[in-house]
Amino acid sequence: MDHPISLRIASLAFGGDAVARADDGRTVFVAGGCPGDLVTAQVTADHGRYLQARVVDILDPSPDRRTPPCPYFAECGGCQWQHVSHQAQVTAKRDAVTEALRRIADIPDPCVADVVTGGAAYGYRNKIELSAATDARGRLILGLAAAGSHRIVPIDACLLLPEKVRAYPKALGGALRYLSRGDGLGLRRVAVRCAENTGSVEVDLWAAPGPFPRGTGVRTLSSAVKFDSLTRVLTRGDGTSRDVAKVEVLSGHGYWRERLSGLEFRVSAPSFFQINSSVTELLSSLVVSELAADGSDRVLDLYAGVGTFTLPIADVAGEVVAIESAGAAVRDLRRNLDLAGLEAEVSPGDAARVLEDEEAFDLAVVDPPRSGLPEDVTNLLASLGPRRIVYVSCDPATLARDAGRLRSLGYTFVRATPVDLFPQTFHVEAVAVFDRDR
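The sequence shown begins at 12 in the numbering used here and counts up one residue at a time.
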């Protein structure tokens with residue numbers, strides 16, 4: 012279709028686009044649409060069974076349409092839904108979880124609770140990762156990937172960051188350009204972490220191994236921005252993976268500090284931590300509540316990370332076994348347990364290999380990466396017989412796939428609760444509960 016078409020936008024799709032129906036009945040995924048809009052759209056790709064299009068004119072705007080406050084919104088790929096009201100975003104996220112469970116897990120009428128929300132719509136991110144690249148003049152730039160592209164969009168500020176570090180991208184870019192004159196420093200990305208509850212700020216320079224002007228670098232960066240900790244994370248390979256060879260502490264603690272529900276977490280640069288502290292407190296409380304440990308239960312925490320769930324579970328369970336493969340996270344987890352005065356057995360290593368040597372569990376929490384649970388891990392988990400599995404997911408499709416596998420292994424899907432950790436984006440966390448069939 013070379014000519015523009017008129018479309019009424021019906022909904023939002025997981026992935027960011029809006030959804031409409033063409034006159035011939037085909038589904039159209041529309042970039043820039045908002046539910047309720049009447050738009051003129053240009054078809055950008057014809058995939059036979061469905062079309063892709065982009066909005067070229069808004070004929071009748073939806074009451075849920077908003078003016079995006081970010082000047083980079085149309086170009087940067089970090090946010091997809093700044094032009095959509097919060098309520099419409101939340102509705103779409105619940106629908107995404109429901110539809111995935113219905114379509115992929117074959118659960119006809121899945122019980123999906125209302126979305127858990129809280130905190131701020133902007134300024135909520137406790138971390139941002141800026142890609143490092145060079146412009147046409149060979150100068151270092153820091154920015155975020157453009158929508159649907161690997162091209163880097165230089166940014167001066169990000170509205171999803173707290174006010175105190177919002178303009179760090181511009182300041183760090185200037186300081187690092189000064190340092191890298193005639194030498195790119197091997198930079199691959201720059202991370203900024205800013206804790207909501209402690210005020211702790213860390214800057215992490217991810218780079219290829221090589222020389223670095225340590226004294227000049229610390230002085231230049233500390234004159235540009237304020238931080239408690241400055242590290243240099245050296246990675247192997249071409250930089251696309253996170254294969255960490257070494258972490259150099261250039262200044263300060265060498266870790267970032269955040270506090271959730273009275274528990275302090277110290278997090279090293281390579282370790283993962285949820286990016287929305289206030290909603291992570293709600294997420295953690297939800298997981299502990301759904302787990303319903305009675306004080307004598309033996310609980311598995313699989314993919315434990317730095318202990319976001321391990322610590323609060325250890326406070327209510329009889330015994331906790333935490334399994335984590337990343338070395339930095341294992342060290343952080345042990346330190347965080349010590350800080351809290353809590354006990355858990357920390358088992359480092361690949362999930363499948365560790366589970367092969369484990370005994371039965373009463374309860375289990377799993378928080379896998381976006382790819383979900385490997386099939387062998389799912390089988391081993393079910394063989395250990397926990398009466399309840401609480402599954403924390405960041406991808407509705409892999410959650411639904413694993414829900415189908417767990418159902419085939421003798422577990423009943425009870426309910427899922429979406430959690431809005433990522434306002435202005437299509438991403439959604441979900442906490443799903445599975446009970447062993449009796």
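Every residue gets a Cβ at the ideal spot worked out from N, C-alpha and C, and that includes glycine.
Fill in: Spatial distance of P380 from V430 (CA atoms)
Here residue 380 corresponds to residue number 369 of the sequence shown, with the count starting at 1. Here residue 430 corresponds to residue number 419 of the sequence shown, with the count starting at 1. About 16 Å.
Discussion item. Our contact map puts V388 next to V442 with C-beta atoms below 8 Å; I'd like the distance itself, whole angstroms only.
Written reply: Start at 1 with the first residue of the sequence shown, and residue 388 comes out as number 377. Start at 1 with the first residue of the sequence shown, and residue 442 comes out as number 431. Their Cβ separation, rounded to whole angstroms, is 19 Å, which puts V388 and V442 out of contact at 8 Å.
Item to complete: Can you tell me which of the three DSSP states Q435 falls into?
Response: Along the sequence shown, read from residue 1 onward, the residue named residue 435 stands at position 424. Note: Q435 maps to coil in three-state DSSP.
Discussion item. Tell me the residue span of the beta strand (DSSP E) that contains E440.
Written reply: Residue numbering aside, residue 440 sits at position 429 when the sequence shown is read from its first letter. 440 to 447 is the extent of the beta strand (DSSP E) around E440.
Practice prompt. Under 8 Å by Cβ, that's how I've got R113 and V95 pegged, so tell me the actual separation to the nearest angstrom.
Written response: Looking up residue 113 in the sequence shown gives position 102. Looking up residue 95 in the sequence shown gives position 84. Incorrect: roughly 23 Å between the Cβ atoms, too far for contact.
Practice prompt. Look at A375 and A355 and say whether their C-beta atoms are less than 8 Å apart.
Written response: Stepping through the sequence shown from its first residue, residue 375 is reached at position 364. Stepping through the sequence shown from its first residue, residue 355 is reached at position 344. No, the pair does not count as a contact, with Cβ atoms beyond the cut-off.
Fill in: Cβ pair V298, L432 closer than 8 Å
Taking the sequence shown and counting its residues from 1, one reaches residue 298 at position 287. Taking the sequence shown and counting its residues from 1, one reaches residue 432 at position 421. With contacts defined by Cβ atoms closer than 8 Å, V298 and L432 do not form a contacting pair.
Worksheet item: Which one or two residues does DSSP pair with R346 in a beta bridge?
Response: In the sequence shown, residue 346 corresponds to position 335, counting from 1. The partner list for R346 (beta bridge, DSSP) is empty, contrary to what the question assumes.
Worksheet item: Would you call the CB atoms of R346 and R277 closer than 8 Å?
Response: Walking along the sequence shown from the start, residue 346 turns up at place 335. Walking along the sequence shown from the start, residue 277 turns up at place 266. The answer is yes: Cβ separation under 8 Å.
Item to complete: Answer with buried or exposed for L183, where buried requires no fewer than 16 other C-beta atoms within 10 angstroms of its C-beta.
Response: Here residue 183 is taken as the residue at index 172 of the sequence shown, counted from 1. Classification for L183: buried.
Worksheet entry | Bounding residues of the alpha helix (DSSP H) (the contiguous stretch that carries V388) | Along the sequence shown, one-based indexing puts residue 388 at 377. V388 -> alpha helix (DSSP H) spans 386 to 394.
Item to complete: Could you name the residues that DSSP lists as bridge partners for E356?
Response: Along the sequence shown, read from residue 1 onward, the residue named residue 356 stands at position 345. Note: E356 is bridge-paired with V332 in the DSSP secondary-structure output.
Practice prompt. Express the C-alpha separation of Q285 and L410 in angstroms, rounding to a whole number.
Written response: Here residue 410 refers to the residue found at position 399 when the sequence shown is read from its first residue. Here residue 285 refers to the residue found at position 274 when the sequence shown is read from its first residue. Distance between the alpha carbons of L410 and Q285 is about 18 Å.
Item to complete: Let me know the secondary structure DSSP gives V127 once reduced to three states.
Response: By 1-based counting over the sequence shown, the position of residue 127 is 116. In this structure, V127 counts as strand in the three-state DSSP scheme.
Worksheet item: Which residues mark the beginning and the end of the alpha helix (DSSP H) in which S296 is found?
Response: Here residue 296 refers to the residue found at position 285 when the sequence shown is read from its first residue. Element bounds for S296: 288 to 302.
Worksheet item: What residue from T319, G338, R188 has the CA that sits closest to S288's CA?
Response: Translated into the one-based positions of the sequence shown, residue 288 becomes position 277. Of the candidates T319, G338, R188, the one whose C-alpha sits nearest the C-alpha of S288 is T319.
Practice prompt. Please name the residue, chosen from Q53, R19, C122, that lies closest to P72 on a Cα-to-Cα basis.
Written response: Within the sequence shown, residue 72 is the residue found at index 61, counting from 1. Out of Q53, R19, C122, R19 has the C-alpha closest to the C-alpha of P72.
Worksheet item: Which term fits G159, buried or exposed, when burial requires 16 or more other beta carbons within 10 angstroms of its beta carbon?
Response: Taking the sequence shown and counting its residues from 1, the one referred to as residue 159 is at position 148. By the neighbour-count rule (16 or more Cβ atoms within 10 Å), G159 is not buried but exposed.
Discussion item. With H, G and I counted as helix, E and B as strand and the rest as coil, what does DSSP make of K237?
Written reply: Position 226 of the sequence shown, counting from 1, holds the residue named residue 237. Three-state DSSP puts K237 in coil, outside helix and strand.
Worksheet entry | Member of V332, P359, L49, P80 whose CA lies at the smallest distance from the CA of E370 | By one-based count along the sequence shown, residue 370 stands at place 359. Minimum Cα distance to E370 is reached at V332.
Worksheet item: If you check the beta carbons only, do T51 and V67 fall under 8 Å apart?
Response: Counting from 1 along the sequence shown, the entry for residue 51 is found at position 40. Counting from 1 along the sequence shown, the entry for residue 67 is found at position 56. Going by C-beta atoms, T51 is nearer than 8 Å to V67.
Practice prompt. Determine the closest residue to L293 out of A85, G130, D34, D75, with distance taken between C-alpha atoms.
Written response: As a position in the sequence shown, residue 293 is number 282, starting the count at 1. Looking at the Cα atoms, G130 is the closest of the given residues.
Worksheet item: Hey, D254 and V212: beta-carbon distance below 8 Å or not?
Response: Within the sequence shown, the letter at position 243 stands for residue 254. Within the sequence shown, the letter at position 201 stands for residue 212. Cβ atoms of D254 and V212: not closer than 8 Å.
Worksheet item: Rounded to a whole number of angstroms, what is the C-alpha to C-alpha distance between L420 and D349?
Response: Locating residue 420 in the sequence shown gives position 409, counting from the first residue. Locating residue 349 in the sequence shown gives position 338, counting from the first residue. Approximately 37 Å between the Cα atoms of the pair.
Discussion item. Just to confirm the assignment, what range does the beta strand (DSSP E) spanning S191 have?
Written reply: Taking the sequence shown and counting its residues from 1, the one referred to as residue 191 is at position 180. Unbroken run through S191: none, as it is neither H nor E.
Worksheet entry | Closest by C-alpha distance to R449, when choosing among T423, A427, E440 | To locate residue 449, count along the sequence shown from 1; it is residue 438. Looking at the Cα atoms, T423 is the closest of the given residues.
Worksheet item: Quick one: what's L166 bridged to in DSSP?
Response: Taking the first residue of the sequence shown as 1, we reach residue 166 at position 155. Per the sequence presented here, residue 166 reads as Ile, with Leu not at that position. DSSP lists no partner for I166.
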